[in-house]
Amino acid sequence: MNQNFNDFATVLKTMAKHPRVFKQALMTLPSICEGFLFSKEFKDSDASKIAEGELSNPLLDYFRNHHTGPGLWKWEHYFEIYHRHLSKYIGKKADILEIGIYSGGSLQMWKSYFGEKAHIYGVDIEEACRAYEADNVSVFIGDQGDRTFWNSFKKQVEGIDILIDDGGHTTEQQRITLEEMLGHLRPGGVYICEDVHGNFNKFASYAASLVNDLNSINRPDSLLDSKVTEFQSAIHSIHFYPYMVVIEKNLISPKKLSAPKHGTEWQPFLKGSF
1 MNQNFNDFAT
11 VLKTMAKHPR
21 VFKQALMTLP
31 SICEGFLFSK
41 EFKDSDASKI
51 AEGELSNPLL
61 DYFRNHHTGP
71 GLWKWEHYFE
81 IYHRHLSKYI
91 GKKADILEIG
101 IYSGGSLQMW
111 KSYFGEKAHI
121 YGVDIEEACR
131 AYEADNVSVF
141 IGDQGDRTFW
151 NSFKKQVEGI
161 DILIDDGGHT
171 TEQQRITLEE
181 MLGHLRPGGV
191 YICEDVHGNF
201 NKFASYAASL
211 VNDLNSINRP
221 DSLLDSKVTE
231 FQSAIHSIHF
241 YPYMVVIEKN
251 LISPKKLSAP
261 KHGTEWQPFL
271 KGSF
(Lines of atoms letter the chains of each structure in order from A and count residues from 1; the text may use other names and numbers.)
(Lines give C-alpha, C1' and ligand atoms only; values in the text may rest on other atoms or scores of the structure.)
Protein backbone atom coordinates (compact mmCIF):
# COMPACT_ATOMS: atom_id res chain seq x y z
CA MET A 1 0.00 0.00 0.00
CA ASN A 2 2.80 2.41 0.94
CA GLN A 3 4.62 1.64 -2.32
CA ASN A 4 1.48 2.36 -4.34
CA PHE A 5 1.11 5.67 -2.51
CA ASN A 6 4.75 6.55 -3.20
CA ASP A 7 4.33 5.70 -6.87
CA PHE A 8 1.23 7.88 -7.10
CA ALA A 9 3.04 10.71 -5.31
CA THR A 10 5.86 10.48 -7.87
CA VAL A 11 3.34 10.75 -10.69
CA LEU A 12 1.72 13.83 -9.12
CA LYS A 13 5.11 15.42 -8.46
CA THR A 14 6.16 14.93 -12.08
CA MET A 15 2.84 16.26 -13.35
CA ALA A 16 3.19 19.40 -11.22
CA LYS A 17 6.89 20.03 -11.87
CA HIS A 18 7.05 19.00 -15.53
CA PRO A 19 3.52 19.10 -17.01
CA ARG A 20 4.81 18.95 -20.59
CA VAL A 21 6.92 15.88 -19.84
CA PHE A 22 3.98 14.26 -18.07
CA LYS A 23 1.76 14.84 -21.10
CA GLN A 24 4.40 13.37 -23.42
CA ALA A 25 4.80 10.32 -21.17
CA LEU A 26 1.04 9.82 -21.13
CA MET A 27 0.94 9.98 -24.92
CA THR A 28 3.46 7.11 -25.16
CA LEU A 29 1.17 4.65 -23.33
CA PRO A 30 -0.53 3.42 -26.54
CA SER A 31 2.90 2.73 -28.09
CA ILE A 32 4.00 0.86 -24.97
CA CYS A 33 0.88 -1.32 -25.15
CA GLU A 34 1.34 -1.89 -28.88
CA GLY A 35 4.96 -2.92 -28.37
CA PHE A 36 3.98 -5.33 -25.61
CA LEU A 37 1.34 -6.95 -27.81
CA PHE A 38 3.75 -7.19 -30.74
CA SER A 39 6.40 -8.95 -28.64
CA LYS A 40 3.85 -11.42 -27.26
CA GLU A 41 2.57 -12.29 -30.73
CA PHE A 42 5.96 -12.18 -32.50
CA LYS A 43 6.84 -15.08 -34.81
CA ASP A 44 10.30 -15.23 -36.36
CA SER A 45 10.69 -16.30 -39.99
CA ASP A 46 12.69 -19.36 -41.02
CA ALA A 47 14.95 -17.13 -43.13
CA SER A 48 16.18 -15.26 -40.06
CA LYS A 49 16.85 -18.25 -37.82
CA ILE A 50 20.18 -17.97 -36.04
CA ALA A 51 22.56 -20.89 -36.34
CA GLU A 52 23.16 -22.65 -33.06
CA GLY A 53 26.65 -22.63 -31.58
CA GLU A 54 28.84 -20.74 -29.14
CA LEU A 55 31.77 -18.41 -29.68
CA SER A 56 34.86 -18.71 -27.52
CA ASN A 57 34.25 -17.05 -24.17
CA PRO A 58 36.77 -17.30 -21.32
CA LEU A 59 34.17 -16.23 -18.74
CA LEU A 60 31.75 -18.96 -19.72
CA ASP A 61 34.62 -21.47 -19.76
CA TYR A 62 35.58 -20.39 -16.23
CA PHE A 63 32.00 -20.73 -15.02
CA ARG A 64 31.47 -24.19 -16.50
CA ASN A 65 34.78 -25.47 -15.15
CA HIS A 66 34.21 -24.08 -11.65
CA HIS A 67 33.08 -27.12 -9.65
CA THR A 68 34.68 -26.54 -6.23
CA GLY A 69 35.50 -23.58 -4.03
CA PRO A 70 33.50 -20.36 -3.46
CA GLY A 71 30.00 -20.51 -4.91
CA LEU A 72 29.28 -18.89 -8.27
CA TRP A 73 25.67 -18.48 -9.43
CA LYS A 74 24.78 -16.72 -12.70
CA TRP A 75 22.35 -16.96 -15.60
CA GLU A 76 24.39 -18.59 -18.37
CA HIS A 77 23.33 -16.10 -21.05
CA TYR A 78 24.95 -13.30 -19.03
CA PHE A 79 28.43 -14.46 -20.01
CA GLU A 80 28.10 -13.52 -23.68
CA ILE A 81 26.90 -10.07 -22.61
CA TYR A 82 29.74 -9.65 -20.12
CA HIS A 83 32.35 -10.61 -22.69
CA ARG A 84 30.84 -8.33 -25.35
CA HIS A 85 30.99 -5.23 -23.16
CA LEU A 86 33.92 -5.95 -20.83
CA SER A 87 36.58 -7.70 -22.93
CA LYS A 88 38.23 -4.35 -23.74
CA TYR A 89 39.44 -4.24 -20.12
CA ILE A 90 41.23 -7.61 -20.14
CA GLY A 91 44.85 -7.13 -19.08
CA LYS A 92 44.30 -3.40 -18.47
CA LYS A 93 44.55 -1.35 -15.30
CA ALA A 94 40.92 -1.09 -14.28
CA ASP A 95 38.75 -0.71 -11.20
CA ILE A 96 35.77 -3.08 -11.07
CA LEU A 97 32.94 -2.85 -8.54
CA GLU A 98 30.54 -5.73 -7.98
CA ILE A 99 27.57 -5.28 -5.65
CA GLY A 100 26.46 -8.54 -4.08
CA ILE A 101 29.36 -10.74 -3.01
CA TYR A 102 27.26 -13.69 -1.83
CA SER A 103 29.68 -16.64 -1.60
CA GLY A 104 32.67 -14.89 -3.17
CA GLY A 105 32.92 -16.91 -6.37
CA SER A 106 32.33 -14.03 -8.77
CA LEU A 107 35.08 -11.92 -7.17
CA GLN A 108 37.54 -14.67 -8.07
CA MET A 109 36.06 -14.96 -11.56
CA TRP A 110 36.53 -11.27 -12.27
CA LYS A 111 40.07 -11.37 -10.92
CA SER A 112 40.89 -14.27 -13.23
CA TYR A 113 39.19 -12.65 -16.24
CA PHE A 114 40.64 -9.14 -16.04
CA GLY A 115 44.12 -10.07 -14.85
CA GLU A 116 46.56 -8.85 -12.23
CA LYS A 117 46.37 -5.16 -13.21
CA ALA A 118 42.71 -4.94 -12.22
CA HIS A 119 41.44 -4.09 -8.75
CA ILE A 120 38.15 -5.66 -7.70
CA TYR A 121 35.85 -3.95 -5.20
CA GLY A 122 33.01 -5.89 -3.64
CA VAL A 123 30.03 -4.44 -1.77
CA ASP A 124 27.71 -6.49 0.41
CA ILE A 125 25.41 -5.92 3.37
CA GLU A 126 26.74 -9.00 5.20
CA GLU A 127 29.71 -8.37 7.50
CA ALA A 128 30.93 -11.95 6.96
CA CYS A 129 31.83 -11.06 3.36
CA ARG A 130 34.96 -9.28 4.59
CA ALA A 131 36.49 -12.76 4.58
CA TYR A 132 36.77 -12.52 0.78
CA GLU A 133 39.30 -9.69 0.84
CA ALA A 134 42.56 -10.63 -0.89
CA ASP A 135 45.32 -9.14 -3.03
CA ASN A 136 43.66 -6.64 -5.39
CA VAL A 137 40.26 -7.41 -3.85
CA SER A 138 38.71 -4.90 -1.42
CA VAL A 139 35.41 -5.41 0.38
CA PHE A 140 33.02 -2.69 1.59
CA ILE A 141 30.12 -3.49 3.90
CA GLY A 142 27.01 -1.39 3.41
CA ASP A 143 23.48 -1.09 2.04
CA GLN A 144 23.34 -0.23 -1.66
CA GLY A 145 20.00 1.47 -1.04
CA ASP A 146 21.66 3.96 1.33
CA ARG A 147 22.89 7.15 -0.37
CA THR A 148 25.06 7.95 2.65
CA PHE A 149 26.95 4.69 2.11
CA TRP A 150 27.65 5.60 -1.51
CA ASN A 151 28.84 9.06 -0.56
CA SER A 152 31.32 7.45 1.82
CA PHE A 153 32.38 4.91 -0.82
CA LYS A 154 33.04 7.62 -3.41
CA LYS A 155 35.29 9.48 -0.99
CA GLN A 156 37.40 6.35 -0.58
CA VAL A 157 37.42 5.10 -4.19
CA GLU A 158 38.37 7.74 -6.74
CA GLY A 159 36.65 6.25 -9.77
CA ILE A 160 35.25 3.04 -11.24
CA ASP A 161 35.57 1.61 -14.75
CA ILE A 162 32.99 -1.18 -14.42
CA LEU A 163 30.03 -1.52 -12.06
CA ILE A 164 28.07 -4.78 -11.83
CA ASP A 165 24.91 -4.57 -9.73
CA ASP A 166 24.07 -8.09 -8.57
CA GLY A 167 22.90 -6.97 -5.14
CA GLY A 168 19.48 -6.94 -3.53
CA HIS A 169 17.58 -6.68 -6.85
CA THR A 170 14.83 -4.38 -5.54
CA THR A 171 13.85 -1.47 -7.78
CA GLU A 172 14.71 1.05 -5.08
CA GLN A 173 18.19 -0.41 -4.54
CA GLN A 174 18.87 -0.57 -8.27
CA ARG A 175 17.64 2.97 -8.87
CA ILE A 176 19.55 4.54 -5.98
CA THR A 177 22.74 2.73 -6.98
CA LEU A 178 22.41 3.97 -10.55
CA GLU A 179 21.69 7.54 -9.49
CA GLU A 180 24.61 7.62 -7.07
CA MET A 181 27.21 5.71 -9.09
CA LEU A 182 26.63 6.32 -12.82
CA GLY A 183 28.35 9.69 -12.51
CA HIS A 184 31.26 8.04 -10.69
CA LEU A 185 32.08 5.83 -13.67
CA ARG A 186 35.09 6.96 -15.66
CA PRO A 187 34.80 7.89 -19.37
CA GLY A 188 34.22 4.74 -21.42
CA GLY A 189 32.98 2.93 -18.32
CA VAL A 190 30.36 0.19 -18.29
CA TYR A 191 27.41 -0.04 -15.88
CA ILE A 192 25.60 -3.39 -15.62
CA CYS A 193 22.42 -4.06 -13.66
CA GLU A 194 21.51 -7.73 -13.40
CA ASP A 195 18.34 -9.66 -12.63
CA VAL A 196 15.89 -7.14 -14.04
CA HIS A 197 13.09 -9.69 -14.19
CA GLY A 198 9.46 -9.71 -15.27
CA ASN A 199 7.00 -7.86 -17.48
CA PHE A 200 6.83 -4.14 -16.75
CA ASN A 201 9.72 -4.35 -14.30
CA LYS A 202 9.96 -0.95 -12.61
CA PHE A 203 13.73 -0.62 -12.92
CA ALA A 204 13.53 -1.57 -16.61
CA SER A 205 10.88 1.13 -17.05
CA TYR A 206 13.10 3.60 -15.19
CA ALA A 207 16.09 2.73 -17.40
CA ALA A 208 13.97 2.88 -20.56
CA SER A 209 12.89 6.41 -19.64
CA LEU A 210 16.55 7.48 -19.82
CA VAL A 211 16.33 6.95 -23.58
CA ASN A 212 14.13 10.06 -23.79
CA ASP A 213 17.04 12.30 -22.81
CA LEU A 214 19.47 10.29 -24.94
CA ASN A 215 17.17 10.96 -27.92
CA SER A 216 16.38 14.59 -27.07
CA ILE A 217 17.15 17.20 -29.71
CA ASN A 218 17.91 20.87 -29.11
CA ARG A 219 18.73 22.87 -32.22
CA PRO A 220 18.48 26.60 -31.56
CA ASP A 221 20.96 27.60 -34.29
CA SER A 222 20.71 25.00 -37.03
CA LEU A 223 18.24 22.36 -38.11
CA LEU A 224 21.06 19.83 -38.44
CA ASP A 225 23.02 20.67 -35.28
CA SER A 226 21.73 19.71 -31.84
CA LYS A 227 23.29 20.94 -28.62
CA VAL A 228 23.91 17.96 -26.33
CA THR A 229 22.40 17.66 -22.90
CA GLU A 230 24.55 16.79 -19.90
CA PHE A 231 23.24 13.23 -20.15
CA GLN A 232 24.04 12.94 -23.87
CA SER A 233 27.51 14.30 -23.20
CA ALA A 234 28.22 11.53 -20.69
CA ILE A 235 26.24 8.54 -21.98
CA HIS A 236 27.14 6.63 -25.14
CA SER A 237 24.43 3.97 -25.18
CA ILE A 238 21.85 1.97 -23.23
CA HIS A 239 21.41 -1.74 -23.96
CA PHE A 240 18.59 -4.05 -22.89
CA TYR A 241 19.07 -7.81 -22.68
CA PRO A 242 17.01 -10.57 -21.05
CA TYR A 243 17.15 -9.71 -17.32
CA MET A 244 19.97 -7.19 -17.79
CA VAL A 245 20.49 -3.48 -18.53
CA VAL A 246 23.88 -2.18 -19.69
CA ILE A 247 24.83 1.50 -19.88
CA GLU A 248 28.08 2.61 -21.52
CA LYS A 249 29.65 6.03 -21.04
CA ASN A 250 31.29 8.10 -23.73
CA LEU A 251 35.05 7.88 -23.91
CA ILE A 252 35.09 11.37 -25.44
CA SER A 253 32.15 13.68 -24.79
CA PRO A 254 30.58 15.19 -27.92
CA LYS A 255 29.93 18.94 -27.96
CA LYS A 256 27.03 18.64 -30.35
CA LEU A 257 25.19 16.11 -32.49
CA SER A 258 25.37 16.99 -36.18
CA ALA A 259 23.96 15.67 -39.44
CA PRO A 260 26.10 17.35 -42.16
CA LYS A 261 25.20 16.94 -45.82
CA HIS A 262 27.81 15.72 -48.32
CA GLY A 263 27.48 15.56 -52.10
CA THR A 264 26.08 17.74 -54.88
CA GLU A 265 23.25 15.69 -56.37
CA TRP A 266 19.95 15.49 -54.53
CA GLN A 267 16.46 14.31 -55.35
CA PRO A 268 14.35 17.20 -56.75
CA PHE A 269 11.66 16.83 -54.10
CA LEU A 270 14.24 17.64 -51.41
CA LYS A 271 15.02 21.09 -52.85
CA GLY A 272 14.61 23.74 -50.22
CA SER A 273 13.89 21.20 -47.50
CA PHE A 274 16.99 22.12 -45.50
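Residue numbering for the sequence shown follows this note's numbering, starting at 1 and increasing by one per position. Here a beta-carbon is modelled for each residue, glycine too, at the ideal position from N, C-alpha and C.
Item	Value
Uninterrupted beta strand (DSSP E) stretches inside the stretch 150-221 (no shorter than 3 residues)	160-165 and 185-194
Length at least 4, wholly inside the stretch 51-85: the alpha helix (DSSP H) runs in chain order	58-64
Closest residue to G91 among K111, P254 and R20 (Cα-Cα distance)	K111
Unbroken beta strand (DSSP E) run spanning Y243, endpoints	Careful: Y243 lies outside any beta strand (DSSP E) and carries neither H nor E.
Collapsed DSSP secondary structure at F231 in the structure displayed	helix
Identity of the residue in L26, Y243 and N212 nearest V228 by Cα	N212
Integer-rounded CB distance, given that E194 should sit under 8 Å from Y78	7 Å
Element boundaries [beta strand (DSSP E), containing K256]	K256 to S258
The stretch 199-214 touching the stretch 237-245, judged by at least three CB pairs closer than 8 Å	yes
Buried/exposed call for F269, threshold 16 Cβ in 10 Å	exposed
Bridge partner(s) assigned by DSSP for Y132	Looking at the DSSP assignment, Y132 forms no beta bridge with any residue, so it has no partner.
P58 Cβ short of 7 Å to the ligand GTP heavy atom set	This structure lacks the ligand GTP, and indeed carries no ligand of any kind.
Three-state secondary structure (DSSP) of I101	coil
Short Cβ contact (8 Å threshold) for G100 with P70	no
For Y113: DSSP bridge partner residues	Bridge partners of Y113: none, in fact.
Check whether L257 and S226 have beta carbons under 8 Å apart	yes
Reduced DSSP category for K249 - H, G, I as helix; E, B as strand; rest coil	strand
G122 (DSSP reduced to helix, strand or coil)	strand
Helix, strand or coil at D95 [DSSP, three-state]	strand
Where the alpha helix (DSSP H) containing F36 begins and where it ends	L29 to E41
Outcome for Q27 when other beta-carbon atoms lying within 10 angstroms are tallied against a minimum of 16	In the sequence under discussion, the amino acid at residue 27 is Met, which differs from the Gln named in the question. Exposed.
Which residues DSSP lists as bridging V139, in chain order	G122
According to DSSP, residues forming a beta bridge with S237	E248
Under the three-state DSSP convention, the category D225 falls into	strand
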